[in-house]
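Asker:
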Amino acid sequence: MGKAGKMARQRAGEKAEEQVLRIIDANINRSMEGLRVVDEIVRFILNDEPLTAKVKGLRHLLQKGIRPIGDDFYLYRESAGDVGRRLYPESEGARAGVQEVFGANIKRAEEAVRCLEEFSKLIKPAYGRTFKEARFQLYDLEKEIIPRLVKAIKLDFDLYVVTDPALDHLKVARQTLAAGVKMIQPRDKKISKEEYLRLAKKIAVLAKRAGATFILNDYWDLVEEVGADGVHLGQEDLAKLTVKKVREKIGEDKIIGVSTHSLEQATAAAKAGADYISCGPIFITPSKPLGKPVGLKLLKKVLKAVQIPVVAIGGIDESNYQEIIKAGGQRFAAIRSSEVLAQALNLSRMAP
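Residue numbering for the sequence shown follows this note's numbering, starting at 10 and increasing by one per position.
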């Protein structure tokens, strides 16, 4: 090969190397940007410290993989002439919600890290090893976050209606869901399991139509058949089984709520893996006599002690719900018994 041919080959090699470095630069940016969005979701929406630490650790791992390759990739950047800059597909122009934002960005990070793994090998084969480790950590992170995020979205409510046999279950469900209630649970200790199943299936249809979260009372083994979003367990249920056992049966993506009446019960439920707890009775209530109301004092302690959602319950109506808010509560439940149905409707309109 002549001198001119060697020079041409050298120039071609240099050009190819520049293209590889440009690809690496683009995918460093993509991976870090995607992880930053994931970080914001985990930190501010899930409010999860261990998961936030995992995301930060993953970003540090990526930086570890990038460091040996160099720190001057920006020199090969051609943002102005990048053909991708002018492309803006319809799928990028809108997001249906936080879950879709998460899905788009975790996938962006995974794909970018795969590109880093492959193209870094062209510089030095060993460079791909760290990126491979990061890629599999991303897969694990995605699997861990998705069910948590799904449940967090479903638990984004203020008023939680628990229907009671003192009033017509279906009538209460129709009217409160129409009024904007976003979480509902049929509760009836007087009917058989078969009767409860029939009732639950009917309310499940109404809840789905309204886009509301639907929770069963006690019957965790009916969650799948009914298509419910989860189950609420009382302290009497926990005497026979554990939150962990129920979780194994219904799955990570289903919601488990637990009734609590003391600080000890609240912290135990949170530690056991409950997705939310109810705390009460806050005020005197005729719907489920539980002795002396625990009051706002306990509610304040529980709100400080646990990181999961806390639902204030018991005797709450339009005359006192503001006291819950002043105490720091963001969620409260209305159980329809001797109280008039209008209270639930008013609560749904007045809730902040």
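For every residue, glycine included, the Cβ atom is placed at its ideal position computed from N, Cα and C.
Per DSSP, which residues does phenylalanine 223 bridge with? Please list them.
Answerer: Answer is Ile193.
Asker: If distances are taken between C-alpha atoms only, which option among Ile162, Val255, Pro290 comes closest to glycine 220?
Answerer: The residue with the shortest Cα to Cα distance from glycine 220 is Ile162.
Asker: From the DSSP output, in three-state form, read off threonine 251 for me.
Answerer: The answer is coil: DSSP assigns threonine 251 none of H, G, I, E or B.
Asker: Is it right to say proline 318 is buried, meaning 16 or more other beta carbons lie within 10 angstroms of its own, or is it exposed?
Answerer: That one is buried.
Asker: Could you spell out the range, first to last residue, of the beta strand (DSSP E) harbouring alanine 270?
Answerer: The sequence given here places histidine at residue 270; alanine does not occur at that position. It is not in any beta strand (DSSP E) - histidine 270 carries neither H nor E in the DSSP assignment.
Asker: Keeping to the same chain, check which residues put their C-beta closer than 8 Å to that of methionine 16; ignore five residues upstream and five downstream.
Answerer: Summary for methionine 16: the model assigns pLDDT 43, below 50, so the residue's position carries little reliability; its value from the coordinates is reported in the next sentence. Cβ within range, chain order: n/a, list empty.
Asker: What's the C-alpha gap between histidine 270 and alanine 209?
Answerer: Approximately 26 Å, taken between the alpha carbons.
Asker: Taking the beta strand (DSSP E) that arginine 340 belongs to, which residues open and close that run?
Answerer: Counting along the chain, the beta strand (DSSP E) containing arginine 340 begins and ends at 340-344.
Asker: When the Cβ atoms of the stretch 256-263 are set against those of the stretch 287-294, are three or more pairs found closer than 8 Å?
Answerer: Too few Cβ pairs lie closer than 8 Å, so no.
Asker: By Cβ distance below 8 Å, which residues in the same chain neighbour alanine 13 in space, the five residues on each side in sequence not counted?
Answerer: Because alanine 13 sits at a pLDDT of 44, beneath the cut-off of 50, its placement in the model cannot be relied upon, and the point is left open.
Asker: Pairing CB atoms from the stretch 44-59 with CB atoms from the stretch 111-119, are three or more of them under 8 Å?
Answerer: At 8 Å Cβ cutoff, the stretches touch.
Asker: Ends of the alpha helix (DSSP H) at threonine 139?
Answerer: Element bounds for threonine 139: 137-163.
Asker: Here's a check: name, in chain order, each residue in its chain whose Cβ is nearer than 7 Å to the Cβ of arginine 138, leaving out the five neighbours to either side.
Answerer: No residues qualify anywhere along the chain.
Asker: Below 8 Å CB to CB, which residues in the same chain sit around lysine 65 once its five sequence neighbours on both sides are set aside?
Answerer: So the list reads Asp48, once near-sequence residues are dropped.
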